[in-house]
Amino acid sequence: HVLGAAVGAALLPLAAALTTGLLGLAVLALVAIAFATAEAARRRGRGRPPAALAVTALTVRCAFPVGLAAAALVCAQRFESGAGLALVLVVSAYESGDYLIGSDARSPLEGPVAGIAAVLVVQFAIAAVTVPPFELPSALAFVVVAGITCPLGQVVGSLILPSARAPAPALRRLDSLLVLAPVWAVVVGAMAAA
């Protein structure tokens, strides 16, 4: 069911590149793909009907947050030129600070605090270039959003997995985007509409 999850997750940013309405249809397609893959496995004798529904739910649980994060990045870029790049820079700064300081830290808070400090530095650099809507003082609101949602994304990434210790290096590279990207897209979209 990995293929179904990968295809379903990939549909979301592709649809978001066209329109947000198509993104809604892609979410429905993701559920349909997950169910079709689970049902095909059941018909081949690899599961009972309740198991097919459980596999569908697991596939959607794995694919939807990752696909939504990627789609939100695309939407943010569509809403405001430069917003997607700013999001990638901010999340990269957070991940760098979190990893470099947090990997050998004694306290679980040192990594996220270092990540937030890195976000602050990068966000000031973005504000200095005056990329709308990231000028001061609104740039500080994006620092607060990133400071809250990046660590929360790491928790959500752990909840997606069957166990928090499950090996998922690709998800761990994206986990800070899981909550930040959708919130970022909503905030950028609201600011662009105002």
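Add 234 to a position in the sequence shown, counting from 1, and you land on the number used in the working numbering. For glycine and all other residues, C-beta sits at the position ideal for the given N, C-alpha and C. Note that the structure is a prediction, hence the values are computed from the model and not measured.
- Looking only at Leu-412, Pro-366, Ala-400, Val-379, the smallest Cα-Cα distance to Gln-388 is reached by Leu-412.
- Taking 8 Å as the upper bound for CB-CB distance, Ala-380 and Tyr-328 are in contact here, some 6 Å apart.
- Nearest to Pro-247 by C-alpha distance, out of Ala-260, Ala-239, Leu-237, is Ala-260.
- Counting along the chain, Leu-393 sits inside the alpha helix (DSSP H) bounded by residues 372 to 394.
- Non-local beta-carbon contacts of Pro-367 in its own chain, meaning distances under 8 Å to residues more than five positions away in sequence, involve Glu-314, Ala-317, Val-422, Met-425, Ala-426 in chain order.
- In this structure, DSSP gives Pro-416 a helical state, which the three-state scheme calls helix.
- Contact annotation: the region 391 to 398 does not touch the region 362 to 377, with fewer than three C-beta pairs closer than 8 Å.
- Separation of Ala-250 and Ala-348 (C-alpha to C-alpha, rounded to the nearest whole angstrom) is 32 Å.
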